Amino acid sequence: MIKENYEKVKEKVIKACERAGRNPQDVTLIAVSKTKPLEDLREAYAAGARDFGENKVQELVDKMPEMPSDIRWHMIGHLQRNKVKYIVGKVYLIHGVDSLRLAQEISKEAVKQGVTVNILMEVNIAEEESKFGITTDEAPALAEEIAALPGISLKGLMTIAPYVTNPEENREVFAKLRQLAIDISAKNIDNVTMNVLSMGMTGDYEVAVEEGATFVRVGTGIFGERNYQI
Ligand SMILES: *Cc1c(COP(=O)(O)O)cnc(C)c1O
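Under our numbering, the first residue of the sequence shown carries the number 855, and numbering increases by one thereafter.
Listed below in structure tokens is the structure:
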């Protein structure tokens, strides 16, 4: 089932690219495998998945050594500063950077390890109380502060759109994230690029692709419903 799901989602991403006149190679599907057992991840890997997303540091570092080494791991969840040291040098991209203090911690650990860490700033476009992320207004200043830190490279923006039943309701959210990336890009900040847009989940990834997503994060659509009570 996972193989079929994965292929179906990939196909829909390609179709969305065609509708938007985009190159499908510019969109990467991240298989969000949180709470799922290794056998499920292996099935997705066999179907072609090479980008996996997890939202808990412990789960991420537990799964990583059990899976093939050509996987690109994405930390998509809220990251606590005291956990930074466990993932720096191991993950491909940290999606949820939402404060200068967190960025400073990542920078400190990166310098210690002699690596450069790629990150995205998480923006709470819809300004939902329950969500992490900075506001649109705060983003440009934080980008400039992050740019000055060693060992850290800001590549773009990430957002978690509201839960909606009709994905069209989130089109504006995605369009706003893209516009914000354009605005920050126009500031020509050294050491900052805004080519990456991580947006879109199972319920709305096609709309996100139409609005410019370069990473979509799909869990349920590939692995099925999650059971948090295990
Ligand atoms: C769980 C999660 C996803 C995937 O959600 P689905 O609706 O299952 O596709 C995407 N992004 C983040 C940040 C998540 O925590």
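The C-beta atom is built at its ideal place from N, Cα and C for all residues, glycine as well.
This structure is a prediction, so every number in the text was calculated from the model and none was measured.
Handout entry: Strand pairing of residue 882, partner residues [DSSP]
Key = 1069
Exercise for the section: Might you give, ordered along the chain, the residues of its own chain that have their beta carbon closer than 8 angstroms to the beta carbon of residue 985, omitting 5 neighbours on each side? Expected result: 978, 1014
Problem - Own chain residues within Cβ distance below 8 angstroms of residue 869, not counting five before or after - result: 1060
Practice task
For residue 941, verify whether its CB is less than 7 angstroms away from any heavy atom of ligand 1.
Solution key: no
Handout entry: Residue of 876, 1001, 993 minimising C-alpha distance to residue 960
Key = 1001
Exercise for the section: Please classify residue 909: is it buried, with 16 or more other beta-carbons within 10 angstroms of its beta-carbon, or exposed? Expected result: buried
Practice task
Compute every distance between the C-beta of residue 886 and the non-hydrogen atoms of ligand 1, then say whether any falls below 7 angstroms.
Solution key: yes
Practice task
Please state whether DSSP places residue 1039 in a helix, a strand or coil.
Solution key: helix
Practice task
Consider the C-beta atom of residue 1014 and the heavy atoms of ligand 1; say whether any pair is separated by less than 7 angstroms.
Solution key: yes
Exercise for the section: Could you tell me how far apart the beta carbons of residue 971 and residue 948 are, in whole angstroms, since I believe they sit closer than 8 angstroms? Expected result: 6 angstroms
Handout entry: Proximity test, residue 987 beta-carbon vs ligand 1 heavy atom, cut-off 7 angstroms
Key = no
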